[in-house]
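One structure below.
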Amino acid sequence: MKEFKRNGFTLIEALLALFITCLVSLLGCMVISCALRFSHMDIDTQNQYAILQLRREVSMASSIQVEDDCLEYILNHEKMILYFDKHRIVKSPGYEIFMEQLDSAYFYKKEDGIYLWFRKQNKIYDFEIY
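In our numbering, the protein residues as written are 30 to 159.
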């Protein structure tokens with residue numbers, strides 16, 4: 030009896046390799062599309078996301094007050110401070126960054142709430158935080 034040498038791939042193996050290649054390419058295109066969309070996100074949208082994060086952070090806090098252009102509050106029995114440092118709004122203890130690339134910023138209190146004023150790329154913004 031003669032033995033046949035197997036050279037190459039079967040049709041099933043070739044189709045399976047083609048399917049996997051197409052699937053990986055499709056996922057790669059989707060990831061690149063999302064990355065491009067986020068990289069071209071306009072500044073106003075980035076500001077709105079940051080303000081939403083600040084509002085969420087402060088909404089869970091107690092004993093909120095503004096002192097020396099900083100926002101001080103108690104969250105989970107720990108004193109937190111939001112302040113402007115090195116062109117950023119950061120939270121301490123630690124150094125959690127909420128907003129970046131700011132020219133200047135400060136928190137202030139009006140009769141009806143607590144506000145964040147900041148200047149970014151020569152545009153002035155004023156948002157209510159709490």
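Where a beta carbon is used, it is the ideal one built from N, C-alpha and C, also for glycine.
Is Glu-125 close to the ligand NAD? I mean its beta-carbon at under 6 Å from any heavy atom of the ligand. The ligand content of the structure shown is nil, which means the ligand NAD is not present either.
So Glu-42 is in the alpha helix (DSSP H); what residue range does that whole segment cover? Along the sequence shown, read from residue 1 onward, the residue named residue 42 stands at position 13. In the DSSP assignment, Glu-42 falls within the unbroken alpha helix (DSSP H) covering 40 to 68.
Can you tell me whether DSSP reads Gln-150 as helix, strand or coil? Translated into the one-based positions of the sequence shown, residue 150 becomes position 121. The three-state reading of DSSP puts Gln-150 in coil, since its state is none of H, G, I, E or B.
Can you list the alpha helix (DSSP H) stretches of 4 or more residues lying completely in the segment 91 to 122, in chain order? Within the segment 91 to 122, complete alpha helix (DSSP H) segments of at least 4 residues are not found at all.
Under three-state DSSP, which class holds Tyr-137? For the purposes of this step, residue 137 is identified with residue 108 of the sequence shown, where counting begins at 1. The three-state reading of DSSP puts Tyr-137 in strand, counting E and B together.
Would you kindly work out how many angstroms separate the C-alpha atoms of Ser-92 and Cys-63, rounded to a whole number? Within the sequence shown, the letter at position 63 stands for residue 92. Within the sequence shown, the letter at position 34 stands for residue 63. About 40 Å.
In this structure, what does DSSP give as the bridge partners for Gly-142? In the sequence shown, counting from the first residue as 1, residue 142 sits at position 113. Beta-bridge annotation (DSSP): Gly-142 is paired with Lys-139.
Determine, using beta-carbon pairs with one atom in the segment 89 to 108 and one in the segment 133 to 151, whether at least three such pairs fall under 8 Å. Touching, yes.
Does the beta-carbon distance from Ala-79 to Phe-127 come in below 7 Å? If you number the sequence shown from 1, residue 79 lands on position 50. If you number the sequence shown from 1, residue 127 lands on position 98. For the pair Ala-79 and Phe-127, the CB atoms are nearer than the 7 Å cut-off.
Excluding sequence positions up to five away, which residues of its chain have a Cβ less than 8 Å from the Cβ of Leu-104? Along the sequence shown, read from residue 1 onward, the residue named residue 104 stands at position 75. Glu-86, Met-89, Ala-90 and Ser-91.
Cβ-based burial, Phe-67 [other Cβ within 10 Å; buried from 16]: Within the sequence shown, the letter at position 38 stands for residue 67. Exposed.
Please report the residue range of the beta strand (DSSP E) in which Met-89 lies. Taking the first residue of the sequence shown as position 1, residue 89 is located at position 60. Neither: Met-89 is in no beta strand (DSSP E) and is coded neither H nor E.
So, are the CB atoms of Arg-148 and Asp-132 less than 7 Å apart? Taking the sequence shown and counting its residues from 1, the one referred to as residue 148 is at position 119. Taking the sequence shown and counting its residues from 1, the one referred to as residue 132 is at position 103. In contact: Arg-148 and Asp-132 (Cβ atoms closer than 7 Å).
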